[in-house]
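Read in order, the letters of the sequence shown correspond to residues 281 to 374 in this note's numbering.
To keep things clear, I will list the structure first and then write my remarks on it.
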Amino acid sequence: FEGFGLPPLEAVSLGCPVILSDIPVLREVFGEAGFYFNPYSEEDLAKAIFKVISDEEFKFKLLEKQKERLKMFDKDKIIEQYISLFQRIIKENS
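Right, here's the structure in full:
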């Protein structure tokens, strides 16, 4: 069980576009940058795989959108957000 969606983010970081099960956690992580398939439909999965491997332009655009989304999870950006949060909490409670 993967409760956050880290493996697809790791794949994108290595230059691999991902197709994603249409489940809430992956929608939350990838948003509009996701290319989703019905996880209960083998046909839907097959169509998604075929689309990515047969349409180079689509694959390139998909990967670019997913790389852009990946920036939301940059560790330096997240560290800055935590520092800002902690500073605000300290200030509010001083």
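Note that the Cβ used here is the ideal one computed from N, Cα and C, for glycine as well.
One alpha carbon belongs to residue 350, the other to residue 303, and they sit about 18 angstroms apart.
Check the Cα spacing between residue 342 and each of 308, 316 and 285: the tightest is with 316.
In the displayed model, residue 320 falls within coil according to three-state DSSP, outside both helix and strand. Minimum Cα-Cα distance from residue 319 among the listed residues 336, 311, 313 and 306 corresponds to 306. Taking 8 angstroms as the cut-off, the beta carbon of residue 299 is found no closer than this to the beta carbon of residue 333. Cα atoms of residue 364 and residue 337: separation of roughly 40 angstroms, rounded to the nearest angstrom.
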